[in-house]
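The block underneath contains the structure these notes are about, expressed in C-alpha cells.
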Amino acid sequence: MPSFLVRAISLSKVVQSGDAPISILDDVSFDVAARESVAIVGASGSGKTTLLGLLAGLDDPTSGDVVLDGVGLASLDQDGRAAMRQRLVGFVFQSFQLLPALTALENVMLPLELAGAANAAQSARDWLARVGLARRTTHYPRQLSGGEQQRVAIARAFAGDPKILMADEPTGNLDAATGVEIAELMFRLNREHGTTLLLVTHDANLAARCERRLSLAAGRLVGDERRAAAHVVADVRHVAAK
Amino acid sequence: MNTLRLALRLLARDFRAGELRVLIAAIVLAVASVGTVAFFADRVKQGLVLQSNKLLGADLMVSADHPLPASYTDEAKRLGLATSHAIRFNSMVALAHATDANAVLTDVKAVAAGYPLRGTITFASGRQAKRTGGGIPGRGEAWVDTRLADRIGAKVGSSIEVGDATLAVTAIVAREPEVAGLTFAPGPKLLVNLADVPATNLLTPGNRATWRLLVAEREPGELQRFRTFVSSRIARGERVESVRDLRPEVRQTLERAERFLGLAALVAVLLAAAAVALAASRYLRRHVDTAAMLRCFGARGSHTLALFVTQFAVLGLIACAIGLVGALLAQQALAALMSGAFVATLPAPGIEPALVAIATGLLLLFGFALPPLAALAHVTPLRVLRRDLPMPRRSALFAYAAGVVTIGVLVAWQAREAQAALIMLGGVGGVVVASGLVAWLLLTALKRLPVRGLSWRYGLANLRRRPLASSLQIGALALGLTALLLLTVVRGDLLRNWRANLPPDAPNEFLVNVLPDQVDDARTWLHSTLSVDAEFKPMVRGRLVEVNGSALDTARYEDPRARRLAEREFNLSWASEVPPGNRVVKGRYWPLDARGADAGISLEEGIANTLHVKVGDRLTFDAGGLRVTAPVTSLRKVDWDSFRVNFFALFAPGALDRLPTTYVAAFRAPEGNTAWLSGLVKRYPNILAIDVAEILGEIESILDRVARAVQFVFLFTLAAGLVVLQAAIASTQDERRYDAAILRTLGASRRQLTAAQVAEFALLGAVAGLLGAAAATAIGYGLADRVFNVPFAGSPYVWLYGIVGGALAVLIAGTLGTRQTLREAPLRVLRQLA
Chain X
0 MPSFLVRAIS LSKVVQSGDA PISILDDVSF DVAARESVAI VGASGSGKTT LLGLLAGLDD
60 PTSGDVVLDG VGLASLDQDG RAAMRQRLVG FVFQSFQLLP ALTALENVML PLELAGAANA
120 AQSARDWLAR VGLARRTTHY PRQLSGGEQQ RVAIARAFAG DPKILMADEP TGNLDAATGV
180 EIAELMFRLN REHGTTLLLV THDANLAARC ERRLSLAAGR LVGDERRAAA HVVADVRHVA
240 AK
Chain G
0 MNTLRLALRL LARDFRAGEL RVLIAAIVLA VASVGTVAFF ADRVKQGLVL QSNKLLGADL
60 MVSADHPLPA SYTDEAKRLG LATSHAIRFN SMVALAHATD ANAVLTDVKA VAAGYPLRGT
120 ITFASGRQAK RTGGGIPGRG EAWVDTRLAD RIGAKVGSSI EVGDATLAVT AIVAREPEVA
180 GLTFAPGPKL LVNLADVPAT NLLTPGNRAT WRLLVAEREP GELQRFRTFV SSRIARGERV
240 ESVRDLRPEV RQTLERAERF LGLAALVAVL LAAAAVALAA SRYLRRHVDT AAMLRCFGAR
300 GSHTLALFVT QFAVLGLIAC AIGLVGALLA QQALAALMSG AFVATLPAPG IEPALVAIAT
360 GLLLLFGFAL PPLAALAHVT PLRVLRRDLP MPRRSALFAY AAGVVTIGVL VAWQAREAQA
420 ALIMLGGVGG VVVASGLVAW LLLTALKRLP VRGLSWRYGL ANLRRRPLAS SLQIGALALG
480 LTALLLLTVV RGDLLRNWRA NLPPDAPNEF LVNVLPDQVD DARTWLHSTL SVDAEFKPMV
540 RGRLVEVNGS ALDTARYEDP RARRLAEREF NLSWASEVPP GNRVVKGRYW PLDARGADAG
600 ISLEEGIANT LHVKVGDRLT FDAGGLRVTA PVTSLRKVDW DSFRVNFFAL FAPGALDRLP
660 TTYVAAFRAP EGNTAWLSGL VKRYPNILAI DVAEILGEIE SILDRVARAV QFVFLFTLAA
720 GLVVLQAAIA STQDERRYDA AILRTLGASR RQLTAAQVAE FALLGAVAGL LGAAAATAIG
780 YGLADRVFNV PFAGSPYVWL YGIVGGALAV LIAGTLGTRQ TLREAPLRVL RQLA
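Chains as they are written, first to last, in numbering that gives the first Met the number 0: chain X, 0 to 241; chain G, 0 to 833.
Below is the structure:
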C-alpha cells in the first residue's frame, strides 16, 4: 500500500495552436496523501482545470504520469481509466454536468449502476435525502435551481463511495449565499466520509478551508503550503457558526 | 465573384467537417425518388406515342361481334382508302400428329391480303428470320408467336390443329402490330389466313369472335369522311377505334399508375423535407458564430445572407446531380420490373423528368433550409463577445410558413388534384402522427416497467428526452416498414390464405363453347376418361338493350366500369332452383315448376347496383337478333370464390329456348395430368378449355410485378426514414457527445456507452417495426375481410421481420451516426460544450 493516494509525476501538457506549441502545464509534480484536502489555486489560464483533468485521467498528458491508488494512468487505456474513476473518484463541476434526460434520482444512480450496484435506487434515494432533496427525486435538471442541481451533483459524486473527490470551481456558477451552502455541504460530507479532496478554485475563502494549497502560475507549480489541522477545524467551526 | 469564392471555400470546409452529409443525402434521395418515377413514366409515354400508329396495324378499325355489312367496305373503297379484313377468335391449338400433344387456348387472328396496313411483323424464325416485313400466311399456313411456339413445342415445319383444320407452321412471329393495351401477360397468339377460317368450323355462337375491317388512308382527309359515314350507321355491337380513341384508355391507366407511384415517391420527399429541416436547424446553430464573426468584421446582413444562399445553391446543384444519376439507374431497374407492362420497347429518357427532379430538390432546399438560415443575416455581432445571447428568433415564423407552403406546392404538383393531395397529406400526416402518438404511449409504458440496468434506462431516457423528434422518426420509419411488410409478407399470406380457402373440390377446369348436341357425349367422355361428373350449364350470350321499355343509353353511366359492363354481352342462363353458393337477398326466386320469361330474372346484386337496376324493372336482352323481355324478380348474392359457374342473369327454364345456346362445364381435373385435354380437343375441336391454375398463375404474376414496382418505390420511403434518423442523430450530436463525456467521467466503459446507444436505437427501430407490423397486419385484416373474404391470422413473421428488421436497420444507421461520440477525450468535450 503506497503512502500516497494521488501522485503527479512531472506532468506536462502542450497543445498545438497553429504553428506554435503552447505549454499549459510544465513539469508539475506532487503527492497527495489519503484523507488530505488540497486546494489547487491560480489565476485564470494557469492550468488548474487541465491539471484536475489529467489527475482524473480525463485527458492525456504530453509527458509525465499520474498514479492513483498505486496504479499509473499512463499504463491504462480509456476503459481502464474509466474503471479507475468509477472505483476511486467522485466529481463535482462548476456547471453541474447533470444529464438532462435523467431525473435527479437517475443522475445519482448513474455511478452506482455503472459499478453494477444491486440497490442503486435505494442508495441514490438515501443520498438525495442527505443533500436535502428527498422530495425532488423525480425532477429533471431543468426543473431544479442551480443550488439544487449542484446538490444532486454532490450526491452523485458521493454515491459511488469514492476515495477521492475532485471538484472544479463547485461554487463558481452560484450566487454567494448558495455557494456558501454548497461548500458547507461538500466539506461536511467530505469530512464524514474521510474522502481525499482535490478542489480547483480561485475563491480564497474556499481554498482557505483546505489543509493544503497548491498554487499554479502559467502552468508551473509555484507554491505548496500546508496549514495546521487545528486551524482548519477552527475555520470550519467559524463558518458553520455563521 | 468574391462572394462566390468565399462561399465555395466555406462550403468545402463544412463538407470536410461532415456538416452537410445529411443535407446532401436528403436531397439526393428526394431527387432520386421523384426522378425515378418521372423518368419511367416519361419513357412509357414516349413509347406509347412512338408505337401508337402501329398499335392497330391500321389507321382506323371497325370491329363487331358479327360480320360487318358490306356497305362499310364499299364506302371505304369508294373513298380510296386501303382496306383489309380480319377475324379474331379463340381456339384450342395443339400440335398435330402427336399422341401427348399439349392443347393451349390461343388468340387466333385470321388476316387477309394487305395486312398489316400500318406497322410491320417481326419474325423470330422461319420466313425472313429476324427480319420485319408485311405479308400474311398463305392458305394452309400458320404463323405462331414465340409464346405459343414455346407452349406447344411448335417449330417451323410443324403441323398444328386449329379446330377442324390442320395448318403448317411456316414462321415464328416475335412481334406483330396489335393493340398492346395494358396486358402484363399476353396470351399465345396465332396468325392464319382468313380463307382458312371456314375449314376450322370454329365460328360458333359461343365463341366470342370479332370481325374487323381495317382501313388506312392514302390521302389525308379521307379517313375523317369514312369515320363520319360509319358513325352515322353504327349498329349495336359495332365499334370504331382509332389510335386516337385507343390512347386515352392506355394513357389514363398509365397516368393513374404514374400518380400512384408519384405519390409513393412523394412520401419519400416529405420525409426528406423533415430531414432537410432538421439538418438546416443544426447548420443554423453551428453557423451563428460564423455569421456573428462575419458581421463583426463588417459584413452587411445582406452580404452574409448572399454568402449562405450561394453556398446552398451550389450544394443543392451538386446534390441534385447525384440524385439524378441515382434516378437514372433506379428507373432502369423499375423499367425492368415493369417490363412489357405498357409498351414493348422504351425509348431513352427525356430531359423533362430531369428538370422535374431537380426542381423538387431545389424546392426542398430553398423551402426548408434557406428560410431558417435567413436568421443568420440578423445575428447580432455582439454574440462574438457574449456567447449566451439568444439565437435570432425573428424569422422562425417565416421559416415555418415557407415550409408549409413548400409542402403544399410539392403535394399539389405531384398529386395534380386537390382531393388526392389532401388525402395524401392527411394520410401521411395521420400515419406519422398516429405512430408518433402510439410510440409516445409505448415509451411511457416502457418507463413503468421495473427494469434494471443503465443501458436500457439511458436509451429510453434519450428517446423520451426528444419526444417530438423520436415520434417523428418512429412514425417515418413505421410508414416505410408498413408499406414494405404489406407488399411482401402480408401479400404472400393473403394469397396463400385465399388459395388455401378455396374449396378442395373447387373446379380447376372450365369448358366453354360446348354445343347442345355435344353435351351428353362430352359428359360421358369426361366420366369415362377422368371419372369426373362435370356440371354442364346452358349459356346464352345476350346484350342488354332496354330497361323498362326504353333503349339503354350506356352513355348515362358515369362510372366507366358500369359503361363497359352495359356495353358487353351478358352470359344469360336458366335454372329452376337457386344455384348452390347463391343466396337471394331481395325479391323472391320463382317456384320450382315456373317456366318462361314471365317468371322473371334473378340478377346478381353487384351488377344490379352498378347498372342501377331494381327489383320490378323490366329488362330486354338481345341475342343474335332475338329478344327476350322479363321483369327482375329477385337479386342474388353470389359466392364467386367457389369457382363454380355462375351467371349475372338467370331466367326460369324455357325463357331462353329460342335463343342460340352453348354449354359451359366446370369440373375438377386431376392435377398435373393434361393428356386428357388433347384427346378432348381432337374429339371436339370447337370446345375451349380454360385452366384455372394457369389464370391464377397469371394474376399472381401481374400482382407480383405491380407489387415489386411499388415496393421498389417504397424502398425510397424507408431510406428517407433512415435519413430522417441520421438528421436527428446529427442534430443531437452535441448532446450525445456531452452525455458520453459525463458518463465517461463517471467511469463508464466504452462497452457500457455502446450498450446504451444500442438500447436506444434498437428500441427506436423495434417500436417502429412493431407499429409497422401492427399497421400492416391491420390492413391485412381489412383486405382479408373486405376484399378476399378469407379468415386472416396475421403471420408471426410480419412481427418478426418488422421488429427485428426495424431494430437492425436503425441500429446500423444509428451506430454509424454516433460512433464518433465514443472517441473523444471527455475533458475536451466538456470544456467545449459546457
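Quick reminder that beta carbons are idealized off the backbone N, C-alpha and C, glycines included.
Cβ neighbours of residue i in the same chain (closer than 7 angstroms, five flanking residues each side left out)
| i | result |
| --- | --- |
| TRP439(G) | PRO466, SER470 |
| LEU484(G) | GLY771, ALA772, ALA775, VAL797, TYR800, GLY801 |
| PHE29(X) | ALA7, LEU213, LEU220, ASP223 |
| GLU576(G) | LEU591 |
| ASP202(X) | THR170 |
Beta-carbon proximity list for residue i, same chain, < 6 angstroms, skipping 5 on both sides
| i | result |
| --- | --- |
| ALA505(G) | PHE642 |
| ALA774(G) | THR481 |
| THR182(G) | Here the model assigns THR182(G) a pLDDT of 43, short of 50, so the residue's position is not dependable, and the following value carries that caveat. Nothing meets the Cβ criterion. |
| THR177(X) | GLY146 |
| VAL584(G) | GLU604, LEU634, LYS636 |
| VAL539(G) | LEU571, ALA622, LEU655, LEU658, THR660 |
Sequence-distant residues of the same chain with beta carbon closer than 8 angstroms to residue i, five excluded per side
| i | result |
| --- | --- |
| GLU218(G) | GLY79 |
| ALA368(G) | LEU22, VAL275, ALA276, ALA278, ALA279, TYR282, PHE311 |
| PRO502(G) | SER641, PHE642 |
Buried versus exposed call for residue i [16 or more other C-beta atoms within 10 Å across all chains shown]
| i | result |
| --- | --- |
| ASP492(G) | buried |
| GLU351(G) | exposed |
| ALA179(G) | Residue confidence for ALA179(G) is low, a pLDDT of 42 falling below 50, so the modelled location carries little weight; the figure read from the coordinates is stated next. Burial call: buried. |
| ILE26(G) | buried |
| LEU333(G) | buried |
| ALA374(G) | buried |
| LYS76(G) | exposed |
| HIS286(G) | buried |
Nearest-angstrom beta carbon gap, residue j and residue i [assumed within contact, 8 angstroms]
| i | j | result |
| --- | --- | --- |
| LEU213(G) | GLY428(G) | That belief does not hold up - the Cβ atoms of LEU213(G) and GLY428(G) are roughly 53 angstroms apart, past 8 angstroms. |
| ARG84(X) | THR744(G) | 7 angstroms |
| THR609(G) | LEU679(G) | Not confirmed; about 36 angstroms, so no contact. |
| LEU7(G) | ALA278(G) | LEU7(G) to ALA278(G), Cβ: 20 angstroms. No contact. |
| GLY261(G) | VAL36(G) | 5 angstroms |
| PRO42(G) | LEU345(G) | First, the amino acid is wrong: residue 42(G) is Arg here, not Pro. So it is a contact: roughly 4 angstroms between Cβ atoms. |
| SER11(X) | ASP25(X) | 6 angstroms |
| ILE39(X) | LEU215(X) | 7 angstroms |
| LEU840(G) | VAL511(G) | Only positions 0 to 833 of chain G appear in this structure, which leaves residue 840(G) out of reach. |
| ASN189(X) | VAL151(X) | Incorrect: roughly 17 angstroms between the Cβ atoms, too far for contact. |
Pairwise C-alpha distance: residue j and residue i
| i | j | result |
| --- | --- | --- |
| ALA607(G) | GLY768(G) | 44 angstroms |
| SER36(X) | ALA318(G) | 59 angstroms |
| ALA206(X) | VAL91(X) | 16 angstroms |
| VAL614(G) | ALA596(G) | 15 angstroms |
| ALA329(G) | GLY779(G) | 29 angstroms |
| ALA29(G) | ILE357(G) | 9 angstroms |
| VAL168(G) | VAL196(G) | 16 angstroms |
| SER454(G) | ALA468(G) | 20 angstroms |
| ILE151(G) | ALA668(G) | 20 angstroms |
| MET91(G) | VAL161(G) | 7 angstroms |
| VAL766(G) | LEU810(G) | 12 angstroms |
| ALA208(G) | ARG174(G) | 22 angstroms |
| ALA217(X) | GLY764(G) | 51 angstroms |
| ALA533(G) | ARG785(G) | 32 angstroms |
| THR227(G) | SER527(G) | 57 angstroms |
| ARG830(G) | THR817(G) | 20 angstroms |
>> Under 8 angstroms: do the stretch 540-558 of chain G and the stretch 508-526 of chain G share three or more Cβ pairs, one atom per stretch?
In response: no
> Would you call the stretch 88-103 of chain G and the stretch 156-173 of chain G in contact, with 3 or more CB pairs under 8 angstroms?
Replying inline: yes
> How do the stretch 818-827 of chain G and the stretch 726-742 of chain G stand: do at least 3 beta-carbon pairs fall below 8 angstroms, yes or no?
Replying inline: yes
>> Three or more C-beta pairs under 8 angstroms: does that hold for the stretch 132-141 of chain X against the stretch 48-67 of chain X?
In response: no
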